[in-house]
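Novice:
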Amino acid sequence: MTTISPLLVVAAALVDADGRVLLQQRPPGKPMAHLWEFPGGKVEPGEGPETALIRELEEELGIRTHASCLAPATFASEPLGDRHLLLLLYVCRKWQGIPEARHATALQWARPAQMYALDMPPADLPLIGLLDSLI
1 MTTISPLLVV
11 AAALVDADGR
21 VLLQQRPPGK
31 PMAHLWEFPG
41 GKVEPGEGPE
51 TALIRELEEE
61 LGIRTHASCL
71 APATFASEPL
81 GDRHLLLLLY
91 VCRKWQGIPE
101 ARHATALQWA
111 RPAQMYALDM
121 PPADLPLIGL
131 LDSLI
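Numbering-wise, UniProt numbering puts 23 at position 23 of the sequence shown, and it's gapless, one number per residue.
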C-alpha cells in the first residue's frame, strides 16, 4: 500500500466592492509558473488554516485581515505528484491595506466568469463555478 502525504493549502477569494476577485500570477522558476491563482499558501506545522491564511496574505500581498473576516467557502482535492493537495478556499471581503504583488509577477481583479479564460492551476478550476454563484 502506497502512503500519500497530504499537502494542506489555504487560499482567499478577496472580493472587492464590484464583485471582482483578486488573482495573482505565479512567478517564473516556480512550479506552475505564469498561472493565475488565488493568493494563499501552505499551512505550516502547528498552524491553523485561518492563521496560515492571515499570515500568507500579509506576506504575499501586504494586507491584513482577521479570522472573523474569512468565510469558509469550499475546498479542492487534487493529486500532486507523491502528495495530495487539499486546498481550502475562503471568501474575504474585508481587509486593511492595498494589495501589492510581493511574491507574484502580477495581480489582477477578475469576475468569476472571466476566470474561465485564464490559465489557472487544475485545483483552482472547480472553484470558479462556486464563486460565481456566491458573488
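The C-beta atom is built at its ideal place from N, Cα and C for all residues, glycine as well. As the structure is a prediction and not an experimental result, all values here were calculated from the model.
#1: Tell me the start and end of each unbroken beta strand (DSSP E) in the UniProt domain "Nudix hydrolase" (5 to 132) that is at least 3 residues and wholly inside, in chain order.
#2: Is the separation between the beta-carbon of PRO27 and that of ALA33 shorter than 8 Å?
#3: Are there three or more Cβ pairs, one per stretch, closer than 8 Å when the region 119 to 131 is compared with the region 43 to 52?
#4: State the CB to CB distance for the pair ARG64 and TRP95, rounded to an integer number of angstroms; the pair is presumed to be in contact (CB under 8 Å).
#5: Compute the Euclidean distance between the alpha carbons of ALA73 and GLY29, then round it to the nearest angstrom.
#6: For LEU86 and LEU8, what's the separation of their Cα atoms in angstroms?
#7: Got a sec? Which residues, its chain only, sit under 7 Å from ARG20 by beta carbon, not counting five neighbours each side?
#8: How big is the Cα-Cα spacing for ILE98 and GLY81?
#9: Taking Cβ positions, are TRP36 and LEU118 nearer each other than 8 Å?
Specialist: According to the data block:
#1: For the UniProt domain "Nudix hydrolase" (5 to 132), whole beta strand (DSSP E) runs of length 3 or above, ordered along the chain, are 5 to 14, 21 to 25, 40 to 42, 70 to 80, 83 to 92 and 106 to 110.
#2: A contact, by the Cβ cut-off of 8 Å.
#3: Contact between the region 119 to 131 and the region 43 to 52 is absent, with fewer than three C-beta pairs closer than 8 Å.
#4: Contact holds; Cβ gap of about 6 Å.
#5: GLY29 has its alpha-carbon roughly 30 Å from the corresponding atom of ALA73.
#6: Their Cα atoms are separated by approximately 5 Å.
#7: Same-chain partners within the cutoff: TRP109, ALA110 and ARG111.
#8: If you take the alpha carbons of ILE98 and GLY81, they lie about 35 Å apart.
#9: Going by beta carbons, TRP36 and LEU118 fall inside the 8 Å limit.
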